[in-house]
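Engineer: Under our numbering, think of the first position of the sequence shown as 561, with each following residue one higher.
The following block contains the structure, expressed as structure tokens.
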Amino acid sequence: MDAPTYSPKQVAEMLGLPPKSLASALKQDSYTGTEVWALRAQLGAYPPSLGRRKQLFLNFKGGTGKTSLSTSYAWRLAELGYNVLIVDLDSQGHATKCLGFEGEDFEKTLLNVLVRKAPMAEVIQKTSLPNLHFVPSNLTMSTVDLALMPMAGREFKLRNALKEVEAQYDVIVFDAPPSFGLLNLNALMAANDLFVPVLADFLSFHGLKLLFETVQSLEEDLNHVLDHVFIVVNSFNATFKLAKEALEALQTHYPEYLLPTIIRQCTKFAQASSEGRPVFVADPNSKGANDIEALIQNVLPRLRVNTAPGSDSGTQQAG
Numbered sequence: 561m562d563a564p565t566y567s568p569k570q571v572a573e574m575l576g577l578p579p580k581s582l583a584s585a586l587k588q589d590s591y592t593g594t595e596v597w598a599l600r601a602q603l604g605a606y607p608p609s610l611g612r613r614k615q616l617f618l619n620f621k622g623g624t625g626k627t628s629l630s631t632s633y634a635w636r637l638a639e640l641g642y643n644v645l646i647v648d649l650d651s652q653g654h655a656t657k658c659l660g661f662e663g664e665d666f667e668k669t670l671l672n673v674l675v676r677k678a679p680m681a682e683v684i685q686k687t688s689l690p691n692l693h694f695v696p697s698n699l700t701m702s703t704v705d706l707a708l709m710p711m712a713g714r715e716f717k718l719r720n721a722l723k724e725v726e727a728q729y730d731v732i733v734f735d736a737p738p739s740f741g742l743l744n745l746n747a748l749m750a751a752n753d754l755f756v757p758v759l760a761d762f763l764s765f766h767g768l769k770l771l772f773e774t775v776q777s778l779e780e781d782l783n784h785v786l787d788h789v790f791i792v793v794n795s796f797n798a799t800f801k802l803a804k805e806a807l808e809a810l811q812t813h814y815p816e817y818l819l820p821t822i823i824r825q826c827t828k829f830a831q832a833s834s835e836g837r838p839v840f841v842a843d844p845n846s847k848g849a850n851d852i853e854a855l856i857q858n859v860l861p862r863l864r865v866n867t868a869p870g871s872d873s874g875t876q877q878a879g
């Protein structure tokens with residue numbers, strides 16, 4: 561993926577400052593992500609602190625657009641000035657591909673960290689945004705669950721492995737495969753927040769029921785309570801009667817978890833993912849980009865409620 565460039569108007573939006581106030585600073589027709597980050601440092605234009613969030617995108621049902629959503633969400637958070645790490649947990653490496661990389665090109669994955677005790681810093685890779693990093697995945701990850709099985713404290717391997725690097729990031733985003741196993745259990749135990757992308761169809765309800773039962777068992781058996789659970793309706797087509805009925809059912813049965821922001825069906829969103837580009841790079845004015853932006857603006861105030869006054873946001877540096 562070619563490094564994206566931004567217009568002065570986009571730069572002002574990313575910095576959260578009025579374009580007129582940046583007139584003297586913005587002297588180019590376009591800016592790279594690195595140049596935007598340098599401007600942010602120069603102006604001290606960092607976003608409000610979120611504390612340190614670890615956020616898991618998970619649904620036991622496949623085909624919900626989870627990876628497209630998680631990678632574009634993480635990308636946009638980075639554009640807005642947060643230090644972000646994406647951890648690809650799926651052996652198919654779809655999150656890695658959505659960032660413009662091929663998992664097979666990387667010698668080390670999370671397997672090396674959890675099973676072979678390599679330092680987390682050794683597997684972290686950089687993107688064209690200086691404050692967005694990722695842990696790649698490939699087919700070698702398919703053996704992680706089996707390798708974790710005999711280990712002591714196997715449910716906490718990921719949480720412990722992140723301790724050496726988590727202070728560098730405002731948000732760590734886990735993109736999980738649509739299954740239940742030890743790796744996803746590790747991700748649940750490491751996460752503060754759970755995002756559950758669903759389609760507006762009645763097949764989604766079975767997956768939701770199983771997932772909520774799993775979350776409840778974590779609370780009871782392992783004493784781990786998530787701060788937030790967000791259900792996100794993805795790829796919604798309002799012209800389908802069945803979709804409207806399924807949305808009404810979700811609003812009835814899960815009102816406390818269902819986000820009001822709905823991600824509409826968007827061909828450019830799907831196309832961007834297949835091309836290995838976040839939607840904000842492919843078409844920042846598309847319905848998909850607008851809806852994810854709205855989702856972020858809906859979620860961020862809820863996260864800040866849990867942030868202690870005076871906590872370090874971690875946005876002053878990027879590795």
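A virtual CB, placed ideally from N, CA and C, is assigned to each residue, including glycine.
1. Counting C-beta neighbours from all protein chains within 10 Å, is the total for Glu853 16 or more, i.e. buried, or is it exposed?
2. Check Gly870 in the structure and name its three-state DSSP category.
3. Looking at Leu810 and Ile791, is the spacing between their C-beta atoms short of 8 Å?
4. Just how far apart, CA to CA, sit Ala842 and Val704?
5. Give a yes or no on contact between the region 578–588 and the region 617–630, applying the rule of three or more CB pairs nearer than 8 Å.
6. Over the uninterrupted beta strand (DSSP E) stretch that includes Arg824, give me the two end residues.
7. Could you tell me which residues DSSP puts in a beta bridge with Gly776?
8. Using the Cα positions of Leu616 and Leu708, report the straight-line distance between them to the nearest angstrom.
9. Which residue marks the beginning of the beta strand (DSSP E) containing His788, and which one marks its end?
10. Whole angstroms is fine: what's the gap from Pro710's alpha carbon to Gly641's?
11. By Cβ distance, which residues of its chain are closer than 6 Å to Glu832, with the 5 residues on each side in sequence left out?
12. Can you tell me which of Val675, Ala760, Arg837, Arg719 puts its alpha carbon nearest to the alpha carbon of Thr799?
13. When we look at the beta-carbon of Gln825 and count the other beta-carbons within 10 Å, is it buried (16 or more) or exposed?
Structural biologist: Here's the rundown:
1. Numbered from 1 along the sequence shown, position 293 holds the residue referred to as residue 853. Glu853 comes out buried.
2. Translated into positions along the sequence shown, residue 870 becomes position 310. Low confidence applies here, because Gly870 scores a pLDDT of 45, under 50, leaving its location unreliable; read the following figure in that light. DSSP places Gly870 outside both helix and strand once states are collapsed to three, so it counts as coil.
3. To locate residue 791, count along the sequence shown from 1; it is residue 231. To locate residue 810, count along the sequence shown from 1; it is residue 250. Their beta carbons are under 8 Å apart, which means Ile791 touches Leu810 by this criterion.
4. As a first step, residue 842 is located in the sequence shown; it is residue number 282 there, counting from the start. As a first step, residue 704 is located in the sequence shown; it is residue number 144 there, counting from the start. Straight-line Cα distance between these residues: approximately 33 Å.
5. no
6. Translated into the one-based positions of the sequence shown, residue 824 becomes position 264. Run containing Arg824: none; DSSP gives neither H nor E here.
7. Working through the sequence shown from its first residue, we reach residue 776 at position 216. Checking the sequence shown, residue 776 turns out to be Gln, not Gly. BP columns for Gln776 are empty, so no partner.
8. For the purposes of this step, residue 616 is identified with residue 56 of the sequence shown, where counting begins at 1. For the purposes of this step, residue 708 is identified with residue 148 of the sequence shown, where counting begins at 1. Distance between the alpha carbons of Leu616 and Leu708 is about 20 Å.
9. To locate residue 788, count along the sequence shown from 1; it is residue 228. Where His788 is concerned, the enclosing beta strand (DSSP E) stretches over 788–793.
10. Residue numbering aside, residue 710 sits at position 150 when the sequence shown is read from its first letter. Residue numbering aside, residue 641 sits at position 81 when the sequence shown is read from its first letter. Rounded to the nearest angstrom, the two C-alpha atoms are 41 Å apart.
11. Mapped onto the sequence shown, residue 832 falls at position 272. Here residue 832 turns out to be Ala, not Glu, going by the sequence shown. Answer for Ala832: Val839, Ala842, listed in chain order.
12. In the sequence shown, counting from the first residue as 1, residue 799 sits at position 239. Minimum Cα distance to Thr799 is reached at Ala760.
13. As a position in the sequence shown, residue 825 is number 265, starting the count at 1. Looking at its Cβ environment, which holds 16 or more other Cβ atoms inside 10 Å, Gln825 is buried.
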